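Those sequence lines, one after another, are chains A and B.
Quick note, in UniProt numbering, the first sequence goes up one by one and the last residue is 574.
Quick note, in UniProt numbering, the second sequence goes up one by one and the last residue is 574.
Below: one structure, written as structure tokens.
Number of protein chains: 2
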Amino acid sequence: MPFRAPLEDFRFLFDHVVGFADIAATERFAEASPETVDAILSELGKLTEEIWAPLNRSGDLDPATLENGVVRTSKGFADGFRALAEGGWLGLSAGEEHGGMGLPLTLTSAMNDMLSASCLSLGLNPLLTQGQVEALEHHASDALKAIYLPKLISGEWTGTMNLTEPAAGSDVGALRSKAEPNGDGTYAISGQKIYISWGDHDFGGNVCHLVLARLPDGAPGTKGISLFMVPKYLPNEDGSLGDANSLRVVSLEHKMGLHGSPTAVMEYDGATGWLVGEEHKGMAAMFTMMNNARLGVGIQGIGAAEGAYQKALAFSLERKQGRTPLEGKGGTGTIVDHADVRRMLASMRADIFTARAIALSCAVALDMSTATGAPEWAARAAFLTPIAKAFGTETGMRVSEEGVQVHGGMGFIEETGAAQYYRDVRVTAIYEGTNGIQAMDLVARKMMDKGEAAMALIDEIEGFAETLRAEAPELAEPLWQSVETLREATEWMLAQGDLNERFAGSVPYLMGFARVLGGYFHLKAAQAEGGQGPRARLAEFYIRRLLPEHVGLLAHATVGTADLYALSVEDLSA
Amino acid sequence: MPFRAPLEDFRFLFDHVVGFADIAATERFAEASPETVDAILSELGKLTEEIWAPLNRSGDLDPATLENGVVRTSKGFADGFRALAEGGWLGLSAGEEHGGMGLPLTLTSAMNDMLSASCLSLGLNPLLTQGQVEALEHHASDALKAIYLPKLISGEWTGTMNLTEPAAGSDVGALRSKAEPNGDGTYAISGQKIYISWGDHDFGGNVCHLVLARLPDGAPGTKGISLFMVPKYLPNEDGSLGDANSLRVVSLEHKMGLHGSPTAVMEYDGATGWLVGEEHKGMAAMFTMMNNARLGVGIQGIGAAEGAYQKALAFSLERKQGRTPLEGKGGTGTIVDHADVRRMLASMRADIFTARAIALSCAVALDMSTATGAPEWAARAAFLTPIAKAFGTETGMRVSEEGVQVHGGMGFIEETGAAQYYRDVRVTAIYEGTNGIQAMDLVARKMMDKGEAAMALIDEIEGFAETLRAEAPELAEPLWQSVETLREATEWMLAQGDLNERFAGSVPYLMGFARVLGGYFHLKAAQAEGGQGPRARLAEFYIRRLLPEHVGLLAHATVGTADLYALSVEDLSA
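If you want it as structure tokens, here you go:
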């Protein structure tokens, strides 16, 4: 069975769970009518089903290679990218003044989900370009905007992010790349950057690198970092490609997965760069790009989960093994009727729903923030971003792992394709800030408001559970109980003045929060179906079987550091 | 840091947790004195550290290949195998009458752990040979024993298991391979078998295939299956290699991991075979081999986890990123001092301990059963086997996944080596009966005694928790609570006359049981240290942070089938 874009899921979530109508009701996004949304989703569905999905295996089997300093991409990738660009889809949410469609990020999120599900490695390219567009829109000078934005939005050029260096990964502030003023308004950028996704390709056009580097008078740490646009080719006044810049791809990494996405070591040797935003304020500018990218990476996890799920489901509908419990009772006769296989598939589907609802809620909050300027929406988006990233990618790992399991022995054979999802998605829990970094962000920066954003969400869930307690007690009561436990865990977090006490349980806290959010969104879906429908049945499954995981997670979340540091390095090494 | 055999862990578990002294106190295993055990563990530690560990990457980078019908194995593998054979280690637990050492399986389990940790793909070979030896010891005629056992025990020859066919995986009874009597006491075996690990190699000697096939008068299903010894070369009377048998390796699979282990498609074309055990009783004979192999595969998961853990720990002691909370307080300055990294490492270590204690307890029960013939020990071993297999391999997956995470971006780069554990170990949750099959075995066959074995274990844990309630309430009380919840879940299982009701939650039940067992074994370790020591500190970590997972798991375990089958195939496909 080939990939099928989950259009119904998006429509249902938009209409009944995440409140897309609120976005469409704003002046800013008045064009996002149901008809427009439908038409766009359908077009993107077609593109991903027909053009992108067939590329997925090609990317794995025919990895990007470096040949004489130039990256040769996987067979068909250039055409796939071109088809996306020609549809104008790269600029779906970009500003109209430079050629974008100005439509909600929520719609772009659904697009990224389908791109990731159909071909994760190629889908990373537009994700980076989208992030670069947003960073330039917010921080670049008008002159830079005029040169770069139209080309990035049209897909003529593509963008990358250059943060990491060998000694500066999670600790970005340790970077050593240097920027020296050239005296003509440009800068000479020197240094080595690693893990640069799509650092080069053969799609034509320019590769536009946003590079973090330190000016001579930059302070140590993150406060002394500035952001520069460093293009592969120096653009002429008319926008055409001029001389090659002093930068090169040193090598490509040999990775466990995502082979179709070239991961470059980049060398900048006095390359010409232009400042983006203010001097020494590079991290703030980069954060614009990273927040967008973090949500995008969470969605990569969900997309990969969708692809893995569809493959496993299709297999379970073909594979016959043993007598099933539904034999003679209208069953399929295939393994999908075995209780444990159906349990695995239902778990996968229930968590894809959860992760997607969280990610799309985050996108809706971003759009509402853009449209209304209300700080509550910005706070909601900021709070949900690390959850969307970490839970989305965790779901990618869990679902692709179960996808392999459903296939049995065939899951371990590469030709089946199940293993590719498992290998590809693994990096999403690492890049754009590891899931551990996301969780630290959640319990520290995202609670600097004294927990206001967290508690607003908790109150909302509790209020919803309250209203359903009489109507649907068997589902509303467990949700109510879970949100109370979450409230207590959140209060515990807020009471810890020493942030490290929070960090000792931040990952399970984030996962526990996601579990409770899942209960909320599943129950909303059930209610929208009047308690009778496929999503209501999935909600029952989720609430009875997966929601209870919050107990263990939130217990783990609130232990503090004492037991951790009691375990010495010697204890761990003994 | 190179691999270091975890000898201290084995010694501690033997002495203080799993009761190795009880084995040594039996007449049957009187030779297993502390000195002998120590000497053997040390020798095996040296072998795995010095000879096997350096082969691990070679197996991955230089996979086994099929060249003109013959398997060429990874560079160095033949020497590694030879070193193991020359030590006599293949026969560590084999009977002395054919050259074995007759020592406890518990000791072999520790060996398999180290072999798996140092080189999982090569370690699979002796595991299969051990299983074949055991099957022959129990079921083969004296004539067959005399020919095969000395050669298998010395490592001159190796063994394989041939169960799976394209349409017969978990459903072994669906197999189509045929056996026709030749009239001279031998049989002509025909059919295709897949996923035959170590189906051929270039170590020299014979490859001895135990093949399941159906005689002309064999009933359909598992009841009509017989077991045959089908060697690659027909042995001469004097034990030397005679003519090639009519069998061949058709192809090798291209797998996600375990590249050093050749996984063959085997074709038998009227190959000469000898009956092992009685006609139509092949499954019973195969089960002897499979039970041994299931425990062995669980231990593969633990070994892979050990290797992944050691690699991650070493990295965390070298890698510097950011200011750590222990700066100026005697910290290392490396990422091991970050709370979330230490939490990950402690989780990994705590679950390796849990899984190892379960597996070694299972081995001890097997040895006690052999030594005493007491049915309680056999029942204990039978009950623990699926838990040891599924939880051991689940631990392999979880720990290798976290091992990648600790490495950050480097974890996704193949050269680092962390990814190999993640890829290699994945199959262990599938082969020798998927973990889903293990869980069904646990709640069905292993509860056919009306739950006697389960309840005996539960009573033992509860009794232990009782005795410690006054002395160490903060750890004993949570264990007591958890075992009560487990008792309720077990009673729920036993009350379900329709086994499918049990199957709907069998995997989370098994995992929940393992969590409670972990509490028991950790607390035993803590008590042995008088509450003051590295294992007592690890026990506190486990009981406060990981034991609470039993709540969600056991809630999930006891929901039954109603919600599963309410979710129709259409619901799952919508």
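C-beta: ideal position from N, C-alpha, C; glycine also.
Note that the structure is a prediction, hence the values are computed from the model and not measured.
Rounded to whole angstroms, the separation of the alpha carbons of glycine 204 of chain B and asparagine 236 of chain B is 16 Å. Rounded to whole angstroms, the separation of the alpha carbons of leucine 107 of chain B and leucine 313 of chain B is 26 Å. A distance below 6 Å between beta-carbons, with the five flanking residues on each side excluded, links arginine 72 of chain A to the following residues of its chain, in chain order: Thr65 and Asp202.
Short of 7 Å from the beta carbon of alanine 539 of chain A, and not among the five residues preceding or following it, lie these beta carbons of its own chain, in chain order: Leu475, His522, Leu523, Ala525 and Ala526. Membership of histidine 209 of chain A in the beta strand (DSSP E) is indicated by the continuous run 207-214. Closest option to methionine 348 of chain A, judged by alpha-carbon separation, among A/Ala110, A/Gly518 and A/Ala30: A/Gly518. Annotation for lysine 311 of chain B: the continuous alpha helix (DSSP H) segment containing it runs 282-316.
Within the stretch 175-205 of chain B, the runs of beta strand (DSSP E) at least 3 residues long that lie entirely inside it are, in chain order, 178-181 and 187-197. Here threonine 160 of chain A is buried: its Cβ has 16 or more other Cβ atoms, across all protein chains shown, within 10 Å. A contact between stretches requires three or more CB pairs, one per stretch, nearer than 8 Å, and the stretch 407-426 of chain B meets this requirement with the stretch 308-328 of chain B. Within 7 Å of the CB of valine 559 of chain A, the CB atoms of chain B belong to Arg544 and Arg545, in sequence order along the chain. The shortest C-alpha to C-alpha distance from tryptophan 89 of chain B to any of B/Asp79, B/Gly100 and B/Glu96 is the one to B/Gly100. Per DSSP, the beta bridge partners of alanine 244 of chain A are A/Tyr233. By the C-beta density criterion, glutamate 401 of chain B is buried, having at least 16 other C-beta atoms within 10 angstroms.
Cβ contact annotation for glutamate 549 of chain B (same chain, cutoff 6 Å, sequence separation greater than five): Arg515, in chain order. Burial state of threonine 393 of chain B is buried, judged by a 10 Å Cβ sphere holding 16 or more other Cβ atoms.
The bridge partners DSSP lists for isoleucine 225 of chain B are B/Arg214.
Rounded to whole angstroms, the separation of the alpha carbons of leucine 494 of chain A and methionine 447 of chain A is 7 Å. Ranked by Cα distance from phenylalanine 391 of chain B, the first of B/Gly417, B/Asp351, B/Ala419 and B/Pro150 is B/Asp351. Inter-segment contact for the stretch 278-290 of chain A and the stretch 219-235 of chain A is present: three or more beta-carbon pairs are separated by less than 8 Å. Within its own chain, the residues whose Cβ lies closer than 8 Å to the Cβ of arginine 176 of chain B, once the five positions on either side in sequence are excluded, are Glu165, Ala167, Ala168, Gly191 and Arg214, listed in chain order. Under the three-state reduction of DSSP, arginine 323 of chain A is assigned to coil, being neither helix nor strand.
Rounded to the nearest whole angstrom, the C-alpha separation of phenylalanine 464 of chain B and tryptophan 480 of chain B is 9 Å. If only complete runs of 4 or more residues are kept, the stretch 331-383 of chain B shows the alpha helix (DSSP H) at 339-372, in order along the chain. Collapsing the DSSP output to three states places tyrosine 268 of chain A in a strand. Distance from proline 325 of chain A to aspartate 340 of chain A at the Cβ level is roughly 11 Å; contact not present, criterion being Cβ atoms closer than 8 Å. A distance below 8 Å between beta-carbons, with the five flanking residues on each side excluded, links arginine 544 of chain B to the following residues of its chain, in chain order: Pro478. For isoleucine 413 of chain B, the C-beta contacts it makes with chain A under 7 Å involve Glu253, His254 and Lys255, in order along the chain. Per DSSP, glycine 123 of chain A is one residue of the alpha helix (DSSP H) stretching across 120-139.
About 18 Å separates the CB atoms of alanine 453 of chain B and alanine 357 of chain B; that is not less than 8 Å, and the two are not in contact. Within chain A, the residues placing a beta-carbon under 9 Å from that of aspartate 171 of chain B are Lys320, Gln321, Gly322 and Arg323, ordered along the chain. Per DSSP, the beta bridge partners of arginine 72 of chain B are B/Thr65.
Sequence-distant Cβ neighbours of arginine 535 of chain A in its own chain, meaning closer than 8 Å and more than five residues away, are Phe12, Phe353, His522, Ala525, Ala526, Ala528 and Glu529. Of the candidates A/Ala53, A/Ser58, A/Ala39 and A/Ser121, A/Ala39 places its Cα closest to the Cα of glycine 87 of chain A. Around serine 573 of chain B, the beta-carbon contacts reaching into chain A at under 7 Å are Leu313. Taking the CA atoms as reference points, serine 33 of chain A sits about 17 Å from glutamate 8 of chain A.
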